[in-house]
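Going by this note's numbering, the sequence shown opens with residue 402, and the numbers climb by one from there. The structure under discussion appears below in the form of structure tokens.
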Amino acid sequence: MADILHVIARIKAAPETLEELVASMRIMVAEVRQEPGCLRYDLTQSEDDPTVLVFVEEWASRADWDVHMAGDALARHSARTRPEMVREIEVHALGQIA
């Protein structure tokens, strides 16, 4: 199969800081979409629970995603936000098998 890496990242946000968190994430999305190897980087929100945010990502390779994870866009997002803004985070890096 192709080397494309699919990533699903689910975030459960604190309701009281949801708007602030989403504002920072929107800035990050614009930056990440310019990164080498980024094929898709979408921020979505649950229609049933607005505090559930899901990133749907595609990267040209695992190496590109690894660079992204250590990159400036994530660091700037972390600097703009506080740990209590996120209640849970779950990240799945997925390879396509069919």
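Think of the CB as a built atom: it goes at the ideal place given N, C-alpha and C, for glycine as much as any other residue.
Contact between Thr445 and Val455 holds, since their C-beta atoms are separated by about 5 angstroms, short of 8 angstroms.
For Ile428, the uninterrupted alpha helix (DSSP H) segment begins and ends at 419 to 433. Excluding five sequence positions before and after Arg481, the CB atoms of its chain that fall closer than 7 angstroms to its own CB belong to Ser425, given in chain order.
Taking C-beta atoms under 8 angstroms as the contact rule, Val423 and Glu458 fail to qualify, at a distance of about 17 angstroms.
As the crow flies, the alpha-carbon of Trp466 is around 14 angstroms from that of Ala476.
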